[in-house]
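A.B. asks:
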Amino acid sequence: MELRHFRYALAVAEELHFTRAAQRLGIAQPALSQQIRQLEEEFGTQLFHRLTRGVELTEAGRALLPYARAALAAADEGTAAVRRAAKGELGQLRIGFTGSASFNPVVSGTIGRFRDAYPEVELDLQEQVTSMLLRSLREGRIQLAFGRAADDETDGLRRIALPEESLWAALPAKHRLAGSGRIDLASLAADPFILYPRANGRLLYDAIVAACGRAGFSPRIVQEAPQMASTVNLVAAGVGVALVPASMRLLQAPSVSYVELSTPGTVASLSLVQGPDLLMTASVRNFIRCLDEAKRDHAPVEQNACSA
Numbered sequence: 001m002e003l004r005h006f007r008y009a010l011a012v013a014e015e016l017h018f019t020r021a022a023q024r025l026g027i028a029q030p031a032l033s034q035q036i037r038q039l040e041e042e043f044g045t046q047l048f049h050r051l052t053r054g055v056e057l058t059e060a061g062r063a064l065l066p067y068a069r070a071a072l073a074a075a076d077e078g079t080a081a082v083r084r085a086a087k088g089e090l091g092q093l094r095i096g097f098t099g100s101a102s103f104n105p106v107v108s109g110t111i112g113r114f115r116d117a118y119p120e121v122e123l124d125l126q127e128q129v130t131s132m133l134l135r136s137l138r139e140g141r142i143q144l145a146f147g148r149a150a151d152d153e154t155d156g157l158r159r160i161a162l163p164e165e166s167l168w169a170a171l172p173a174k175h176r177l178a179g180s181g182r183i184d185l186a187s188l189a190a191d192p193f194i195l196y197p198r199a200n201g202r203l204l205y206d207a208i209v210a211a212c213g214r215a216g217f218s219p220r221i222v223q224e225a226p227q228m229a230s231t232v233n234l235v236a237a238g239v240g241v242a243l244v245p246a247s248m249r250l251l252q253a254p255s256v257s258y259v260e261l262s263t264p265g266t267v268a269s270l271s272l273v274q275g276p277d278l279l280m281t282a283s284v285r286n287f288i289r290c291l292d293e294a295k296r297d298h299a300p301v302e303q304n305a306c307s308a
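If you use full-length UniProt numbering, the sequence shown corresponds to residues 1 to 308, in order.
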C-alpha cells in the first residue's frame with residue numbers, strides 16, 4: 001500500500017467516476033482501475049460499487065476517506081517540514097557563549113536578528129568559559145560559540161572575528177579615581193587586580209597583562225574570578241580593580257565606577273567559533289549571515305532585519 005493508492009481512491013471517491021478521476025490524475029483509466037483493485041485486494045474488501053454510469057462508495061470506502069486524507073496531509077506536511085529544515089527554517093541550533101560575550105551588542109544583535117527571522121528554530125544557548133566552549137565545539141555538543149580564544153586554541157576550527165572592544169577600568173566606588181573622565185592605565189600600577197583565570201581562556205588574561213606591561217608595570221593579582229559578572233561583584237566589594245570589555249558597563253552595580261582608559265591598545269577580542277564542518281548546517285549558515293549584518297551595524301539591531 002502506497003500513498004498514491006490513497007490519492008487515487010480519494011479522486012475516485014470525489015468524482016464518483018473512474019474516467020473523470022483518471023483525467024484529473026493524468027493517468028489512463030484502465031491503470032487507475034487496476035490500482036484501485038490492488039488497494040481493495042490489500043484491504044480484502046470492496047471500496048466502491050461499480051455502477052453502469054459511475055461508482056459509489058461502500059461502507060468500507062467511506063470509512064477509509066478520513067484516514068486517506070489525513071495520511072496525504074501528513075505526507076505533505078512532512079515534505080514541507082523536510083524542505084524547511086533543509087533551508088535552516090526548522091530544527092535546533094546549539095550556541096555557547098562566555099558571560100562577557102552576552103553583553104556585547106553584536107552578540108545580542110545577532111541572536112535577536114536570528115530569532116526574528118527564524119522563529120521556529122530552537123536556540124539552545126549555553127554559557128561556559130572559553131576553554132569549555134572549545135571542548136564542547138570539538139565534541140559536537142554545540143555548533144557555534146562566542147568566546148575569547150587565542151589563535152592556537154582554535155586549530156581545526158573556523159573563527160569569525162568581531163569588532164574589538166576597548167578595555168575599561170572597573171573601580172570600587174570609593175576608589176580615588178572613581179568618577180574620572182579618563183585615566184592612564186599606569187595610574188593603577190599600585191592597585192590590587194582581579195583577573196579572569198587564564199585557564200578559562202588565556203586571550204583576555206594575556207591581553208590585560210600585556211596592556212599593563214606596556215604601561216610599565218606588572219599587575220598585582222590578588223583574586224581570580226571565573227566569570228566577568230563575578231569580577232564586577234568583587235570590584236563592588238572593594239577587593240580590587242579590574243579591566244573589563246567596554247560592553248560590561250551594561251552590568252550596573254551601585255558600588256562600581258567604570259572609567260575609560262586613555263592608554264592606546266587596551267582592547268579585548270571576541271570571535272564566533274564554528275565547530276567541525278560536519279556541524280555546518282543551513283541554520284549555522286543563516287546565523288552567520290545574521291552575524292555579518294549585526295557586525296555592519298555594530299549595535300543592537302532592529303527587528304525582522306535578517307534576510308531569510
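Every residue, glycine too, gets a C-beta built ideally from N, C-alpha and C.
1) With a threshold of 8 Å on Cβ separation, who are the neighbours of residue 167 within its own chain once the five nearest residues in sequence on each side are excluded?
2) Assess contact between the segment 116-124 and the segment 170-186, defined as three or more Cβ pairs (one per stretch) separated by less than 8 Å. Is contact present?
3) How is residue 142 classed by DSSP in three states: helix, strand or coil?
4) Measure the CB-CB distance between residue 61 and residue 17 and report whether it falls below 7 Å.
5) Going by alpha carbons, who is nearest to residue 37 out of 9, 159, 296, 68?
6) Which value, in whole angstroms, describes the spacing of the CA atoms of residue 289 and residue 140?
7) Please tell me whether residue 253 and residue 239 are closer than 7 Å, where the distance is taken between their beta carbons.
8) Would you grab the beta carbon distance between residue 156 and residue 130 for me? Rounded to a whole angstrom, and I think it's under 8 Å.
9) DSSP three-state label for residue 258, please.
10) Compute the Euclidean distance between the alpha carbons of residue 83 and residue 35, then round it to the nearest angstrom.
11) Please state the DSSP three-state secondary structure of residue 137.
12) Could you check where the alpha helix (DSSP H) with residue 269 kicks off and where it finishes?
13) Note the first and the last residue of the continuous alpha helix (DSSP H) segment covering residue 72.
C.D. replies: The answer reads as follows:
1) If we look at residue 167 and ignore the five residues flanking it on each side, its Cβ neighbours are 207, 208, 211, 243, 244, 245, 246, 261, 266, 267, 268.
2) Segments in contact, no.
3) Residue 142: coil per DSSP, three-state reduction.
4) Going by C-beta atoms, residue 61 is not nearer than 7 Å to residue 17.
5) With distances taken between Cα atoms, residue 37 lies closest to 9.
6) Taking the CA atoms as reference points, residue 289 sits about 21 Å from residue 140.
7) The answer is no: Cβ separation not under 7 Å.
8) About 16 Å separates the two Cβ atoms, so there is no contact after all.
9) DSSP places residue 258 in strand when its eight states are reduced to three.
10) In a straight line, the C-alpha of residue 83 is about 29 Å away from that of residue 35.
11) Note: residue 137 maps to helix in three-state DSSP.
12) For residue 269, there is no enclosing alpha helix (DSSP H), as DSSP marks it with neither H nor E.
13) Boundaries of the alpha helix (DSSP H) harbouring residue 72: 59-86, taken from the DSSP string.
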